[in-house]
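Protein chains in written order, with this note's numbering: chain A, 1 to 296; chain B, 1001 to 1403. For every residue, glycine included, the Cβ atom is placed at its ideal position computed from N, Cα and C. Computed from a predicted model, the values in this text were never measured in an experiment.
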Amino acid sequence: MWDYSEKVKEHFFAPRNAGAVDGANAVGDVGSLSCGDALRLTLKVDPESETILDAGFQTFGCGSAIASSSALTEIIKGMNIDAALQVSNQDIADYLDGLPPEKMHCSVMGREALQAAVANYRGEEWVDDHEEGALICKCFAVDAVMIEETIRANDLSTVEEVTNYTKAGGGCSACHEGIEEILMKVMDERGETFDPTAVAGEIKKPTSGLTNLQRMKRIEELLEEIRPNLQRDHGDVELVEVDGKYIYVKMIGACAGCQMASTTLGGIQQHLAEGLGEFIQVLPAEELARRAAMGA
Amino acid sequence: MADGIYLDNNATTMVAPEVVEAMLPFFTEQFGNPSSLHQFGDKVGRALKKARKQVQALLGAEHDSEIIFTSCGTESDSTAILSALKAQPERKEIITTVVEHPAVLTLCEQLEKDGYIVHYLKVDKRGRLDIQEYYDLLSDQVAIVSVMWANNESGTLFPVEEMAEMARSAGVMFHTDAVQAVGKLPIDLKETSIDMLSLSGHKLHAPKGIGVLYLRRGVRFRPLLRGGHQERGRRAGTENATSIVGLGKACEMASEAMEFEKSFVRAMRDRLEQGILSQVSHCFVTGDPNNRLPNTCNIAFEYIEGEAILLLLNKMGIAASSGSACTSGSLEPSHVMRAMDIPFTAAHGSVRFSLSRYNTMEEIERVIEAVPPIVEQLRKLSPYWADGGPVEEPEKAFAPKYA
Ligand SMILES: Cc1ncc(COP(=O)(O)O)c(C=O)c1O
């Protein structure tokens, strides 16, 4: 079964604000019945201040759909509707101490429900422009539509490139076959044939000749380049020590203890190795302490 | 049974204590390689021989050499289908059904990519096949028919004996995935035209990771794994002796318990079903109630979702499973429910209760008490439900925008 946080379980077993709000003046119905998750959000908005006085949900869906509906209503109650519209699906997931990646896809419909309810309040028609396909990469929750569009927009032709652009395939590798099939289809459209042996971009030859100081600076620069990616996922990385080919880093924030930590380290290692043009190994800072303790 | 009430025996079963006991010596003093000449190997070799006879007896196979031990049901399914294709390279078609287990379906989808033509027999709303459709597809182009004996989700039985007969008349090989049927139904293979049959130990109180492919004598065969001479060269790799011994014991016990399964397990299942249906409105049994495994009951609860039901059941110590999309991490509810054309609002709320001879009537009564309040609790949250019943024209009253 899913690895749900305590917070998710709590909101599922004892949901807050269940049911329709009395005297509601905003309703948003969103979801997908084929996915098995759909939500009706009802709001009572004060017409003067545009503050959300009360919010209620009715959900047809799984444990995390019910929990995230409950979390959404808790978050937005008392907010001005413009502020509420800034609440993202990630905010809802954060409020619940995270959700399994498979569950981000279908069950967090909060932002859409809010947009639909606010549109309804303002007498507008809400149209959802985002399309979703089958989940391809389960490690990083990337779907087929996203992969297809990225391949098309950037003329990608290898799985490695797809991983660099979308993260898809950067984890357990189980989806590489699925990504290859999408590549095959899109490349076929543009009159090319997919070549599974092709290599992404040019291969950089190892270039040494940096002084220790230059090398250190280069490592810092390279880390700087990937920092935005980590920060987007509410994490960060700090350089702790460089010892020959061993580079020790500390994972901070959401990255620390994240189940994806070793994948992230792998990604950092790849980036540093390519940027430095040499074989290096990126290790967590705890490893440094362990090695020191062993006198190694 | 330990803590909780286990009604998920189609997923896997408890290893019977007697089976564990039979296996233990083969972890310790009886560690020899059955192929070895010395006494260490010889004893294990004899134990395997006994196990093979025990499996043969449960299946009613004519010869014990028709039993090939494999690593699981999935391996048996793959071996059977791939063997038929390899042995008859001129035949490029396969007949199977839309409701097979992924062990067969996923392989068939892959084979389509490799250029084979796969015919998927449809089912009606009760999960039944159209035998005429099947009959019309049989030809000398078909390498193999692979049809499950009992469906793992609904418990619905297919008339495989009759279908095997028809295949034989047309000169086509017939395989059945009987993973859910073996141990729950009497089987007498020597009286049938079934050429190959898959079973899996962990569905009949033997351990996980042991399976059998029954291969009728005289049927053309190509191994999946080549190597040593084990299983007469039909499945290379040193035997999983411990598990084979366990499976043998489990088969012997299943033969003895067959009457109990047909009467008492069925009675518990019927009581469970009647108890739930009489108390909960807007739910129905999926599949073919008059023609199914004695241990399985699959109920679709309308307007609520299965994972939520399972989480609440689990909180009360009750284990079952669901065909909802969410429990599998996929985007669609179970292919079996969809194939029977069950609407989304019910398919996502389907819950499978699968019993075993280790359940008791007292447990069943506790489940009957637990289910109605859980369904009620979730329906209170449902946008399709108001004031103790579904809203009027539910599908119109709540038609969410796709998000
Ligand atoms: C009908 C059917 N076939 C095949 C299998 C796969 O068996 P195994 O898990 O031993 O590979 C199962 C088990 O879930 C099943 O129910």
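Asked                                                                                                                                                              : Found
I'd like to know whether the C-beta of Phe13 of chain A is nearer than 8 Å to at least one C-beta of chain B.                                                      : yes
By DSSP, does Pro206 of chain A sit in helix, in strand, or in coil?                                                                                               : Residue placement at Pro206 of chain A is flagged as unreliable, the pLDDT there being 47, under the threshold of 50; a coordinate-derived value is accordingly withheld.
Beta-carbon within less than 7 Å of Ala20 of chain A's beta-carbon, same chain only, minus the 5 sequence neighbours each way: which residues are those?           : Thr42, Gly56 and Gln58
Starting from Tyr165 of chain A, follow the alpha helix (DSSP H) in both directions and report where the run begins and ends.                                      : Val159 to Thr166
Run through chain B and tell me which residues come within less than 7 Å of Ile66 of chain A, C-beta to C-beta.                                                    : Ala1308 and Leu1381
Check each candidate in B:Ser1322, B:Asn1314 and B:Glu1239 and name the one with the smallest Cα separation from His1036 of chain B.                               : A small fix is needed here, since residue 1036 of chain B is Ser in this sequence, not His. With distances taken between Cα atoms, Ser1036 of chain B lies closest to B:Glu1239.
In chain B, which residues lie less than 9 Å from Asp29 of chain A when you measure between Cβ atoms?                                                              : Pro1383, Phe1398, Ala1399, Pro1400 and Lys1401
Which residues in the same chain have their Cβ closer than 7 Å to the Cβ of Lys204 of chain A, if we skip the five residues on either side of it in sequence?      : With a pLDDT of only 44 at Lys204 of chain A, under 50, the local geometry of the prediction cannot be trusted, and the value read off the model is given with reservation. Taken in chain order, the residues that qualify are Glu274 and Gly277.
Assign Val249 of chain A to buried or exposed, taking buried as 16 or more other Cβ atoms, counted over all protein chains shown, within 10 Å of its Cβ.           : buried
Only counting the same chain, and skipping five residues up and downstream in sequence, which positions put a Cβ closer than 6 Å to that of Leu288 of chain A?     : Glu241 and Tyr248
Within the 8 Å Cβ cut-off, does Gln58 of chain A reach chain B?                                                                                                    : yes
Tell me whether Gly1211 of chain B counts as near ligand 1, meaning its Cβ is closer than 7 Å to at least one heavy atom of that ligand.                           : yes
In this structure, does DSSP put Lys1053 of chain B in helix, strand or coil?                                                                                      : helix
At the level of alpha carbons, what is the spacing between Val1017 of chain B and Leu1213 of chain B?                                                              : Here residue 1017 of chain B is Pro; the residue named in the question, Val, does not match the sequence. Looking at the two C-alpha atoms, the distance is approximately 25 Å.
Relative to the C-alpha of Thr51 of chain A, which residue among A:Gly171, A:Thr150, A:Ile219 and A:Asn25 is closest?                                              : A:Asn25
Between Cys1297 of chain B and ligand 1, is there a pair consisting of the residue's CB and a ligand heavy atom that are separated by less than 7 Å?               : no
So, at 8 Å on beta carbons, what are the nonlocal neighbours of Glu202 of chain A in its own chain, with the 5 sequence-adjacent residues on each side left out?   : Because the pLDDT of Glu202 of chain A is 48, which lies under 50, any placement of that residue in the model is unreliable, and the question is left without a value.
Hey, is Thr1345 of chain B's beta-carbon within less than 8 Å of any beta-carbon in chain A?                                                                       : yes
If you check the beta carbons only, do Met1148 of chain B and Thr1176 of chain B fall under 8 Å apart?                                                             : yes
How many Å lie between Gly31 of chain A and Ala1386 of chain B at the Cα?                                                                                          : 19 Å
Run through chain A and tell me which residues come within less than 8 Å of Lys1315 of chain B, C-beta to C-beta.                                                  : Phe13
Please report the distance separating the alpha-carbon of Pro206 of chain A from that of Arg1235 of chain B.                                                       : Because Pro206 of chain A carries a pLDDT of 47, less than 50, the predicted location of this residue cannot be relied on, and no value is offered for it.
Around the Cβ of Glu1029 of chain B, are there at least 16 other Cβ atoms within 10 angstroms (buried) or fewer (exposed)?                                         : exposed
Taking 8 Å as the cut-off, decide whether the C-beta atoms of Ser1083 of chain B and Phe1221 of chain B are in contact.                                            : yes
For Pro1383 of chain B, does the three-state DSSP call read helix, strand or coil?                                                                                 : coil
For Ser70 of chain A and Arg111 of chain A, which I take to be in contact (beta-carbon distance under 8 Å), what is that distance rounded to the nearest angstrom? : Incorrect: roughly 15 Å between the Cβ atoms, too far for contact.
What does the Cβ neighbour count give for Leu283 of chain A, buried or exposed, with the cut at 16 atoms within 10 Å?                                              : buried
Between the alpha carbons of Phe1260 of chain B and His1063 of chain B, how many angstroms are there, rounded?                                                     : 27 Å
Using CA atoms only, rank isn't needed, just tell me which of A:Arg290, A:Val45, A:Cys175 and A:Met104 is closest to Val118 of chain A.                            : A:Val45
Where Thr150 of chain A and Ile252 of chain A are concerned, what is the direct C-alpha to C-alpha distance, given to the nearest angstrom?                        : 29 Å
Contact criterion: CB-CB distance below 8 Å. Does Ala1325 of chain B meet it with respect to chain A?                                                              : yes
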